[in-house]
Amino acid sequence: MRQSPTRVVAAVIRAGPQILACQRPPQKRHGGLWEFPGGKCEPFESDDDAVRRELHEELAVTVTNVGSELFAIADPGSDFLIVFLPVEISGAPQCLEHEAIVWGTAMELAALPLAPSDRRFIEFLLASE
0 MRQSPTRVVA AVIRAGPQIL ACQRPPQKRH GGLWEFPGGK CEPFESDDDA VRRELHEELA
60 VTVTNVGSEL FAIADPGSDF LIVFLPVEIS GAPQCLEHEA IVWGTAMELA ALPLAPSDRR
120 FIEFLLASE
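Sequence positions in the sequence shown follow numbering that gives the first Met the number 0 and run 0 to 128.
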């Protein structure tokens with residue numbers, strides 16, 4: 000029997016036209032590539048709870064609002080279903096687990112070497128603008 004995919008939340012944090020992206024550590028899958036911050040949902044954890052926990056751990060920010068799913072994609076080569084959620088935060092993001100963080104427009108982020116599913120999301124954003 001096939002196990003259902005592991006749900007992964009990806010936070011789309013905006014400041015005006017700019018969106019936050021983070022560079023993955025070199026030792027992790029897709030190391031060095033850029034992604035939206037977030038991570039795996041624990042068993043029985045809601046998207047809302049997972050994104051709050053992950054962003055506190057990764058960026059030391061407090062999530063003030065989580066919106067409805069913008070986009071979801073089965074991650075190629077893994078059993079992950081990545082769900083992109085609009086997220087509002089308070090506090091300045093700190094780079095605790097990533098190599099670097101950057102703010103950029105969707106077009107600017109599209110120029111970065113993005114992880115495959117994050118690239119598909121940026122393409123979706125650009126097509127819908």
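Cβ atoms here follow ideal geometry from the backbone N, Cα and C, with glycine treated the same way.
Exercise for the section: Could you check the C-alpha separation between Met-0 and Asp-78 for me, to the nearest Å? Expected result: With a pLDDT of only 49 at Met-0, under the threshold of 50, the placement of this residue in the model should not be trusted; the figure read from the coordinates follows. When rounded, the distance between both Cα atoms is 14 Å.
Exercise for the section: Give the DSSP bridge partners of Pro-85, in chain order. Expected result: Val-11
Handout entry: For Gly-15 and Gln-26, the rounded distance between their alpha carbons
Key = 32 Å
Practice task
In angstroms with no decimal places, state the Cα-to-Cα distance between Ala-59 and Arg-51.
Solution key: 10 Å
Handout entry: Nonlocal neighbours in the same chain, by C-beta distance under 7 Å from Leu-69, ignoring five residues either side
Key = Sequence-distant Cβ neighbours of Leu-69 in its own chain, meaning closer than 7 Å and more than five residues away, are Val-11, Phe-83, Leu-84 and Pro-85.
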